[in-house]
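*Asks:*
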Ligand code: PLP
């Protein structure tokens, strides 16, 4: 249950890619027929990706994934001569506090290198940014706002349409141009990515999050958006990104996008399984809580915290039972610091460290969900048994006594403590949730 980290390659995608490893192996920049065969694959994939964004083919730049796309956007905008000329000096950008590290680190890099001023937009306890908070950070020299579509750790869906409309109003009122970038890596499976509907100038995606191959992605850049060249060399990708194309990968990305349409029903089922998992755990594990908005949440994300139990330890015990989960972003899996996303939502270090993320996907079955629901209570009980921070006499953790409960949490009443095993109806009974405003 770690589909947010990556997804298995779809069989049809694999089949579509295969010829480009063998008989259609040509370099698409070559003029002979081998090159033309490869070029044909790229043209077809570019059209599929462009249609997905409601864009022109010339607005799609193939990359190695969302990390590259996001670096290219943040650095490419502030390194553009046109941007410096338009602001008459150092530009300013706004990114949200909960962006993926590849956005945050790129923003910090341009700030350190003196290429831009950066403001970080806060999130509420539900993990969501507000258009008002972003607007408050806009300055006369603001050239870019970057807010992700859906968070990779909490699945929180950001109000990107609202932010897009706010930016359009700002641009019209000030007769200026602030570009809007959306990192849609986690959203593509589930949400509409039409660039005009989102009010986006730049959108980044990654194939391996959508049952496509690793090492390939795309950047949508609206015509006229100034971007500095991000790979010097040849003239590939409209002169922005030099280097021989990853032809099988690009074909795979196109194919993965083409398959999305077939999974609309499956996605609804994934949403039902997500709810079953959330309700099942809340009903069977006392002092457990859902991190982030329940309502504005990707259908495949369940991020929960368990007082008195260490996330890493839960992960390892679940691994021993054959269940793959994560404590947050796969890219930060080896880092010991607590999640910047959960901390931004107001969680204490202790709460953030007691959190794990389950992420569901096309192969997740109800039996998998029920297996996890039956496995988690025993694991948490064991870990609480050895925890120094869990107050067993009151069944309150020390963290809770200090009032660290996040506002966006769904907590169970104490009377379901030690209910154990699978609850009869798996539904979280009404009235058991202290905070139902989510
Ligand atoms: N942005 C988000 C929201 C992600 O979830 C990820 C991957 O975890 C990335 C960017 C980086 O994507 P890639 O693995 O394609 O570099």
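Numbering (our numbering), first residue to last: 102 to 539. Glycine is no exception: its CB is placed at the ideal position from the N, C-alpha and C atoms. Please read these numbers as outputs of a predicted model, since none were measured by experiment.
1) Which residue comes first and which comes last in the beta strand (DSSP E) that contains residue 405?
2) Mind reading off the beta-carbon distance from residue 457 to residue 426? Whole number of angstroms is fine, and I expect it under 8 Å.
3) Should residue 121 go down as buried or exposed, given a rule of 16 or more other Cβ atoms within 10 Å for buried?
4) Determine the burial state of residue 487: buried for a count of at least 16 other Cβ atoms within 10 Å of its Cβ, exposed for fewer.
5) Return the chain-ordered list of same chain residues with a C-beta closer than 7 Å to the C-beta of residue 480, the five sequence neighbours on each side being excluded.
6) Between the Cα of residue 313 and the Cα atoms of 113, 389 and 230, which residue gives the shortest distance?
7) Count the other C-beta atoms from every protein chain shown that fall within 10 angstroms of the C-beta of residue 398, then say buried if there are 16 or more, exposed otherwise.
8) Round the Cβ separation of residue 230 and residue 262 to the nearest angstrom and send it over; I've been treating them as touching at under 8 Å.
9) Measuring only from the beta carbon, is residue 347 closer than 6 Å to any heavy atom that is part of ligand 1?
10) Taking all protein chains shown into account, decide if residue 133 is buried (16 or more other Cβ within 10 angstroms of its Cβ) or exposed.
11) State the CB to CB distance for the pair residue 202 and residue 223, rounded to an integer number of angstroms; the pair is presumed to be in contact (CB under 8 Å).
12) Closest to residue 190 by C-alpha separation, out of 158, 216, 412 and 166, would be which residue?
13) With burial defined as no fewer than 16 other Cβ atoms inside 10 Å of the residue's Cβ, what is the status of residue 192: buried or exposed?
14) Taking all protein chains shown into account, do 16 or more other C-beta atoms lie within 10 angstroms of the C-beta of residue 559, making it buried, or fewer, making it exposed?
15) Please indicate yes or no: does the CB of residue 259 lie closer than 6 Å to some heavy atom of ligand 1?
16) Is the number of C-beta pairs between the segment 102–116 and the segment 351–360 that are closer than 8 Å three or more?
17) How far does the beta strand (DSSP E) with residue 284 in it reach, from first residue to last?
18) Within a Cβ cutoff of 7 Å, which residues of the same chain sit near residue 268, ignoring the five residues on either side of it in sequence?
19) Taking DSSP as the reference, what is the three-state secondary structure of residue 196?
20) Tell me whether the beta-carbon of residue 163 lies closer than 7 Å to the beta-carbon of residue 283.
21) Should residue 179 and residue 211 be called a contact, given that it needs their Cβ atoms to be closer than 7 Å?
22) Which of the three DSSP states, helix, strand or coil, is assigned to residue 103?
23) Considering residue 225, what are the terminal residues of the beta strand (DSSP E) in which it resides?
24) Helix or strand or just coil, what does DSSP make of residue 387?
25) To the nearest angstrom, report how far apart residue 371 and residue 462 are at their CA atoms.
26) List the endpoints of the continuous beta strand (DSSP E) containing residue 322.
27) If you count every other CB in all the chains shown that lies within 10 Å of the CB of residue 305, and 16 or more means buried, which is it?
28) Can you find a heavy atom of ligand 1 that lies under 6 Å from the Cβ of residue 166?
29) From the DSSP output, in three-state form, read off residue 331 for me.
30) If you draw a straight line from the alpha carbon of residue 141 to that of residue 292, how long is it in whole angstroms?
31) Helix, strand or coil, according to DSSP, for residue 173 in the structure here?
32) Any idea which residues DSSP pairs residue 251 with across the strands?
33) If you measure from the CB of residue 301, is any heavy atom of ligand 3 nearer than 6 Å?
34) Does the beta-carbon of residue 201, which I'm using as the reference point, lie nearer than 6 Å to any heavy atom of ligand 1?
35) Cβ of residue 172 versus every heavy atom of ligand 1: is any distance shorter than 6 Å?
36) If distances are taken between C-alpha atoms only, which option among 449, 385 and 460 comes closest to residue 476?
*Replies:* So, from the listed chains and residues:
1) 402–407
2) So it is a contact: roughly 5 Å between Cβ atoms.
3) Flag for residue 121 reads buried.
4) exposed
5) 415, 418 and 419
6) 113
7) buried
8) About 13 Å; that fails the 8 Å criterion.
9) no
10) It is exposed - the Cβ of residue 133 has fewer than 16 other Cβ atoms within 10 Å.
11) Wrong, their Cβ atoms sit about 18 Å apart, outside the cutoff.
12) Ranked by Cα distance from residue 190, the first of 158, 216, 412 and 166 is 216.
13) It counts as buried.
14) Outside the shown range of the chain (102 to 539) lies residue 559, about which nothing can therefore be said.
15) no
16) Here the segment 102–116 lies against the segment 351–360, with 3 or more beta-carbon pairs under 8 Å apart.
17) Counting along the chain, the beta strand (DSSP E) containing residue 284 begins and ends at 280–284.
18) 246, 279, 281 and 300
19) strand
20) Going by C-beta atoms, residue 163 is not nearer than 7 Å to residue 283.
21) yes
22) strand
23) Residue 225 -> no beta strand (DSSP E), and no H or E assigned at all.
24) DSSP places residue 387 outside both helix and strand once states are collapsed to three, so it counts as coil.
25) 7 Å
26) 318–322
27) Under this definition residue 305 is a buried residue.
28) The answer is yes for residue 166.
29) coil
30) 29 Å
31) In the three-state reduction of the DSSP assignment, residue 173 falls in the helix class.
32) 258
33) Only ligand 1 can be found as ligands here, which leaves ligand 3 out of the picture.
34) yes
35) no
36) 385
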